[in-house]
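Here the structure comes first, spelled out in structure tokens, and everything after it is commentary.
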Amino acid sequence: MRETTDTVECVRFAAHAELARSRGLLLVFLGCQLIEPPPSDIQGVERLRAAWREVDGVIDDDLGAQVEEALDTRLPVLEALHLAHDAQLRIPGPRHLFPTESAHLGGTENDRGQWTPGRARGLAWQRVVDTYKRAGWSFDTSQGVEADHIGAELLFVGRLCTVEAEHWSHGDHQLAVSSLSQQKDFIEAHPLAWIDQLIRRILTTAASGYYPVVVKIAAGVLRLELSYTQRLDNLFSPQK
Numbered sequence: 121m122r123e124t125t126d127t128v129e130c131v132r133f134a135a136h137a138e139l140a141r142s143r144g145l146l147l148v149f150l151g152c153q154l155i156e157p158p159p160s161d162i163q164g165v166e167r168l169r170a171a172w173r174e175v176d177g178v179i180d181d182d183l184g185a186q187v188e189e190a191l192d193t194r195l196p197v198l199e200a201l202h203l204a205h206d207a208q209l210r211i212p213g214p215r216h217l218f219p220t221e222s223a224h225l226g227g228t229e230n231d232r233g234q235w236t237p238g239r240a241r242g243l244a245w246q247r248v249v250d251t252y253k254r255a256g257w258s259f260d261t262s263q264g265v266e267a268d269h270i271g272a273e274l275l276f277v278g279r280l281c282t283v284e285a286e287h288w289s290h291g292d293h294q295l296a297v298s299s300l301s302q303q304k305d306f307i308e309a310h311p312l313a314w315i316d317q318l319i320r321r322i323l324t325t326a327a328s329g330y331y332p333v334v335v336k337i338a339a340g341v342l343r344l345e346l347s348y349t350q351r352l353d354n355l356f357s358p359q360k
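Going by our numbering, the first residue of the sequence shown is number 121, and it counts up by one from there.
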């Protein structure tokens, strides 16, 4: 009987590990799309499609269809997106960024609700860097400009999913649940605390196109991830 129970637990933990890896892949995929400038050629879009095929099927069909539509839309709107972001979201530095930590922290909003992006400096940006450093994550600052905050947060949660998967694979459900709790706390305190505000600001500069679609998809995925981590945390936490 004990052997049967152990086998069932191994199968269950393996399933959780596989799902955690898939969730991590999806979050990393979305995070990369929000950090990297859009490709300027058809090969770039095809690389995105190849990356998407790695995670397609992990999420529900409606969300998958949205991503496919976004990929179909991306190439025709590249020029328009570049014009919009060049005009309103260029900051000093060797490369221009999409709506980022720079746009989120340093800007101002007038009485008509129009947002003028600024630049994150000093203590504000250091707070972001320190948050990730405490969890063993670091930014590449060699470019001399701030990384894309929301994209980095998606990558970070994806990394936590990978850590969770490793714990499930080794049969250590307590460490896996600890990783789930960390994911839940981080998502609540960071990306979900401000992503809706970011979406509203993005829509004032680029109401359609690839980037706004991906940010909205990311918001939906983060909410699904939060719901999932809460359910599993409640299921496995010994005190509950």
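All C-beta atoms in this analysis are idealised placements derived from N, C-alpha and C, irrespective of residue type, glycine included. Owing to the predicted nature of the structure, the values given are computational and were not obtained by experimental measurement.
- Going by C-alpha positions, A313 is about 8 Å away from I307.
- Ranking L145, R132, A135 by CA distance to the CA of C281 puts L145 first.
- Residue burial is scored here from C-beta neighbours: R132 has fewer than 16 other C-beta atoms within 10 angstroms and is therefore classed as exposed.
- The DSSP-derived three-state label of D292 is coil.
- The shortest C-alpha to C-alpha distance from T349 to any of P311, A272, Q303, H310 is the one to Q303.
- Assignment of H287 by DSSP, reduced to helix, strand and coil, places it in the helix class.
- With a threshold of 16 other beta carbon atoms within 10 Å, S347 falls short and is exposed.
- Beyond the five residues adjoining it in sequence on each side, H290 comes within less than 6 Å, by CB distance, of no other residue in the same chain.
- In the same chain as A339, and ignoring 5 residues on each side of it, the C-beta atoms closer than 6 Å to its own belong to I315, in chain order.
- About 5 Å separates the CB atoms of L342 and P311; that is less than 8 Å, so the two are in contact.
- Secondary structure of H310 (DSSP, three-state): coil.
- Setting aside the 5 residues that flank it on each side, A137 is surrounded in the same chain by A285, W288, S289, each with a C-beta closer than 7 Å to its C-beta; the list follows chain order.
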